[in-house]
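Student: Supplied in structure tokens, the structure appears directly below.
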């Protein structure tokens, strides 16, 4: 923050999105024309070919669908064909049934006419929803004998239910296979159909079913309808919720590998589970690290079937839970990684079903949902950069994700956006100096895309806009070289900017020169509480500033000389809104290798000349070095500190001084209302 501020310097930019274009399509470079309708009438919204298929539409399968067999080398769908976007039943049928390969992107709700229609998908197709907008209502897909290399992803297929629970008249499935092979059903939401959600019938094989939500159905997922013991199938990371039977029922499967599924019977609903996983006939099943909650008869088997169980969790289940016989080793067919069974409920409630932007669910993405990501510059972690790990955190994640950062210097800028709360940056070195995130942007630094220059807030090395953020045992730095950039009119160079509530900085170093630590809020009328403990904050000009309600507790505030070797500076520059708490420094130390009587404790920043603000800094029970001026507060930009809220209480050290007109002290009664708990207003920070 400069000593002479201008309104223009603090303006915020904006981003423009293509109006009316789904984000997933905008990112993929697709174009969609026409208005169309939700129904299956004329193709008013014509399908449009995209220049190239995006990565999320061309991913390949894992599990048995990845195995080379029957003349098919894995399952990759329509990746070798054109990509088209459809909004009507007519266009969906046109491209799904075509002889040539296609990636078919469903970018809206398509209601089947007649109800129950199952589109007969041809080989070499990927049918994928655009973000979460792709819905198939009242019908589904059929894959007949010999159809192969088909991917169905990221769709919601729903509501063919005809009002009869055990319906014998309407065979309306979401996805039905009769003799198909190499099929991948992934990240879909399947619910409320007249018959099955998924039926894998009549010797269909080399099938993988992964990361789906299956709910509100009777006969959920059937496998078999054949005397032959043929089917090879992998079923992993699926969430079965409020489903009565066939969860799945597996009849005469040569190899059925089920792992990391979550079967949940929700108490008090109108659907009660009859059974969970069922091995019938000659099935050989391996069942690993799945989680069963409240399910009746969670695992059952025929006397002729084999079930090998490993690592499953059963919570509140009852009835039959069976295993026996010998099965097979899945690793002899493909590689896979098991998640801990205890992590499965949180993992699947966060990750299963359609996603706004999808891709193959990597081990890192699973780790993010389960609670841990690792970063290492040397490649020994899941990511080499901190930002890449942040990007892997699920949007609107419901629980904490720890980004574990191995020792090293990470020269990058990092942003934790507002839709990724509950994130922790954890340095893993023996010292907070071992793990350093650093960059050198400043106000006035040209942006790399040529769109202008950074402002003060935009210069931050790390920007935190998400609530409930924590950082521990690391250094966040801005090493902008003021000496080398004297042409810039200001030298504001933020190391860490927070614009969120419930931010905990525990055992960190935040270092820079001017404007090191910007403690902001998401908006002027929003509360933003920050608690800094056991930490170091280093700088010279206004280096703890902003409008947040912030506590610096049991920490060291280190004063630095300026680039030219002179000593002069300001510790705080609060811009507190009226009737809010500002900056509280308590039980800390203020020192540094600077000249005596050269630093002010603070001055009032009325950002943009806003006279309605009421800046506040209180420094209490803190040791002050001789660097602090005998009149520790000063004016700023025409605003007098005496009109705002600046005070001390029981400070010690050579920089402390008696109360006077230039140095107000709180009374004991006033100090009783300016404790840490008053600042945090009901929030009790705790490391997690």
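Numbering (our numbering), first residue to last: 551 to 1238.
Glycine is no exception: its CB is placed at the ideal position from the N, C-alpha and C atoms.
Keep in mind the model is a prediction, meaning the values are calculated, not measured.
Does DSSP classify residue 1227 as helix, strand or coil?
Tutor: For the purposes of this step, residue 1227 is taken as residue 677 along the chain shown, with counting starting at 1. Note: residue 1227 maps to helix in three-state DSSP.
Student: When DSSP labels each residue in this structure, what does residue 618 get in the three-state scheme?
Tutor: Locating residue 618 in the chain shown gives position 68, counting from the first residue. Residue 618: strand per DSSP, three-state reduction.
Student: In or out: residue 1011 buried (at least 16 other Cβ within 10 Å) or exposed?
Tutor: What you label residue 1011 is simply residue 461 of the chain shown in a count that begins at 1. Under this definition residue 1011 is a buried residue.
Student: Starting from the C-beta of residue 1227, find all residues in its chain whose C-beta is less than 8 Å away, skip the five residues before and the five after it, and write them out in chain order.
Tutor: Indexing the chain shown from 1 puts residue 1227 at position 677. Nothing listed; no residue qualifies.
Student: Over what stretch of residues does the beta strand (DSSP E) that includes residue 1199 continue unbroken?
Tutor: Translated into the one-based positions of the chain shown, residue 1199 becomes position 649. First-last of the beta strand (DSSP E) with residue 1199: 1195 to 1199.
Student: Which term fits residue 1082, buried or exposed, when burial requires 16 or more other beta carbons within 10 angstroms of its beta carbon?
Tutor: Numbered from 1 along the chain shown, position 532 holds the residue referred to as residue 1082. Its Cβ being crowded by 16 or more others within 10 Å, residue 1082 is buried.
Student: Are the Cβ atoms of residue 983 and residue 937 separated by less than 9 Å?
Tutor: Translated into the one-based positions of the chain shown, residue 983 becomes position 433. Translated into the one-based positions of the chain shown, residue 937 becomes position 387. Result no, Cβ atoms of residue 983 and residue 937 do not sit closer than 9 Å.
Student: Please state whether the Cβ-Cβ distance between residue 1087 and residue 1067 is less than 9 Å.
Tutor: Within the chain shown, numbered from 1, the residue matching residue 1087 stands at position 537. Within the chain shown, numbered from 1, the residue matching residue 1067 stands at position 517. The answer is yes: Cβ separation under 9 Å.
Student: In the DSSP output, which residue or residues are listed as bridge partners for residue 1186?
Tutor: Taking the first residue of the chain shown as position 1, residue 1186 is located at position 636. BP columns for residue 1186 point to 1189.
Student: Relative to the C-alpha of residue 1042, which residue among 1022, 683, 1123 is closest?
Tutor: Sequence index remark: in the chain shown, residue 1042 carries index 492 (1-based). For residue 1042, the nearest C-alpha among the options comes from 1123.
Student: Using a Cβ-Cβ cutoff of less than 7 Å, which residues in the same chain neighbour residue 1203 once the five nearest sequence positions on both sides are dropped?
Tutor: Counting from one through the chain shown, the residue named residue 1203 turns up at place 653. Excluding residues within five positions, the ones whose Cβ falls inside 7 Å are 1173, 1174, 1175.
Student: Quick one: grab the DSSP three-state call for residue 1004.
Tutor: Locating residue 1004 in the chain shown gives position 454, where the first residue counts as 1. Note: residue 1004 maps to coil in three-state DSSP.
Student: How about residue 819: is its C-beta nearer than 9 Å to some C-beta of chain B?
Tutor: Judged by its chain identifiers, the structure shown contains no chain B, having just a single protein chain.
Student: Of the residues 807, 1155, 1117, which one's Cα is nearest the Cα of residue 787?
Tutor: Position 237 of the chain shown, counted from the first residue, corresponds to residue 787. Measuring from the Cα of residue 787, the nearest candidate turns out to be 807.
Student: Please report the Cβ distance between residue 761 and residue 902, rounded to the nearest whole angstrom; I am assuming they are in contact, meaning their Cβ atoms lie under 8 Å.
Tutor: Indexing the chain shown from 1 puts residue 761 at position 211. Indexing the chain shown from 1 puts residue 902 at position 352. Confirmed, Cβ separation roughly 5 Å.
Student: Tell me whether residue 1235 sits in a helix, a strand or coil according to DSSP, three-state version.
Tutor: Along the chain shown, read from residue 1 onward, the residue named residue 1235 stands at position 685. Of the three classes helix, strand and coil, the one that applies to residue 1235 here is coil, per DSSP.
Student: Please classify residue 697 as buried or exposed, where buried requires at least 16 neighbouring CB atoms within 10 angstroms.
Tutor: Here residue 697 corresponds to residue number 147 of the chain shown, with the count starting at 1. By the 10 Å Cβ count, residue 697 comes out buried.
Student: Between which two residues does the alpha helix (DSSP H) holding residue 645 run?
Tutor: Along the chain shown, read from residue 1 onward, the residue named residue 645 stands at position 95. 639 to 646 is the span of the alpha helix (DSSP H), which, as asked, contains residue 645.
Student: Mind checking residue 898: buried by the 16 CB within 10 Å criterion, or exposed?
Tutor: What you label residue 898 is simply residue 348 of the chain shown in a count that begins at 1. Flag for residue 898 reads buried.
Student: Please go through the same chain and pick out, in chain order, the residues whose beta-carbon is closer than 7 Å to the beta-carbon of residue 618, but skip the five residues on each side of it.
Tutor: Residue numbering aside, residue 618 sits at position 68 when the chain shown is read from its first letter. Hits under 7 Å: 624.
Student: Mind listing, in chain order, the continuous alpha helix (DSSP H) runs of no fewer than 4 residues lying wholly within the segment 1000 to 1056?
Tutor: Whole alpha helix (DSSP H) segments, 4+ residues: zero.
Student: When you compare each of 1029, 1008, 951, 1093 to residue 1155 by their alpha carbons, which one comes out closest?
Tutor: Counting from 1 along the chain shown, the entry for residue 1155 is found at position 605. Ranking 1029, 1008, 951, 1093 by Cα distance to residue 1155 puts 1093 first.
Student: Determine, using beta carbons only, whether residue 834 and residue 803 come nearer to each other than 9 Å.
Tutor: Translated into the one-based positions of the chain shown, residue 834 becomes position 284. Translated into the one-based positions of the chain shown, residue 803 becomes position 253. Yes, Cβ-Cβ distance for residue 834 and residue 803 is below 9 Å.
Student: Between residue 1098 and residue 1071, which are expected to be in contact by the criterion C-beta below 8 Å, what is the C-beta distance as a whole number of angstroms?
Tutor: Taking the chain shown and counting its residues from 1, the one referred to as residue 1098 is at position 548. Taking the chain shown and counting its residues from 1, the one referred to as residue 1071 is at position 521. So it is a contact: roughly 6 Å between Cβ atoms.
Student: Where does residue 817 land, buried or exposed, given buried means 16+ other C-beta within 10 angstroms?
Tutor: By one-based count along the chain shown, residue 817 stands at place 267. That one is exposed.
Student: Would you tell me roughly how many angstroms separate the C-alpha atoms of residue 775 and residue 826, rounded to the nearest one?
Tutor: One-based indexing of the chain shown puts residue 775 at position 225. One-based indexing of the chain shown puts residue 826 at position 276. Each residue's alpha carbon lies about 19 Å from the other.
Student: Quick one, which of 1132, 1031, 862, 812 has its alpha-carbon nearest residue 895's?
Tutor: If you number the chain shown from 1, residue 895 lands on position 345. Comparing Cα positions, the closest option is 812.
Student: Buried or exposed, going by whether 16 or more other CB atoms sit within 10 Å of the CB of residue 876?
Tutor: Here residue 876 corresponds to residue number 326 of the chain shown, with the count starting at 1. That one is exposed.
Student: Using the three-state DSSP reduction, which class does residue 742 fall into: helix, strand or coil?
Tutor: Position 192 of the chain shown holds residue 742. Here residue 742 sits in coil by DSSP.
Student: From this set, 841, 653, 1197, which residue's C-alpha is nearest residue 863's C-alpha?
Tutor: Numbered from its first residue, the chain shown carries residue 863 at position 313. Among 841, 653, 1197, the Cα nearest to that of residue 863 is on 841.
Student: Can residue 706 and residue 686 be called in contact, C-beta distance under 9 Å?
Tutor: The residue labelled residue 706 in the question sits at position 156 within the chain shown. The residue labelled residue 686 in the question sits at position 136 within the chain shown. A contact, by the Cβ cut-off of 9 Å.
Student: How is residue 1144 classed by DSSP in three states: helix, strand or coil?
Tutor: The sequence position of residue 1144 within the chain shown is 594, counting from 1. It is coil, neither helix nor strand.
Student: Which value, in whole angstroms, describes the spacing of the CA atoms of residue 1184 and residue 1121?
Tutor: Position 634 of the chain shown, counted from the start, is the residue given in the question as residue 1184. Position 571 of the chain shown, counted from the start, is the residue given in the question as residue 1121. Rounded to the nearest angstrom, the two C-alpha atoms are 11 Å apart.
Student: Can you give me the Cβ contacts of residue 991 inside the same chain, cut-off strictly under 6 Å, excluding the 5 residues immediately before and after it?
Tutor: By 1-based counting over the chain shown, the position of residue 991 is 441. Closer than 6 Å at the Cβ level, and outside the excluded window around residue 991, lie 1004, 1009.
Student: Is it the case that the Cβ atoms of residue 1214 and residue 1197 are separated by a distance below 9 Å?
Tutor: One-based indexing of the chain shown puts residue 1214 at position 664. One-based indexing of the chain shown puts residue 1197 at position 647. Against a cut-off of 9 Å, the Cβ pair of residue 1197 and residue 1214 comes out as a contact.
Student: Along the chain, where does the beta strand (DSSP E) that runs through residue 1204 open and close?
Tutor: Counted from its first residue, the chain shown places residue 1204 at position 654. No beta strand (DSSP E) holds residue 1204; DSSP gives it neither H nor E.
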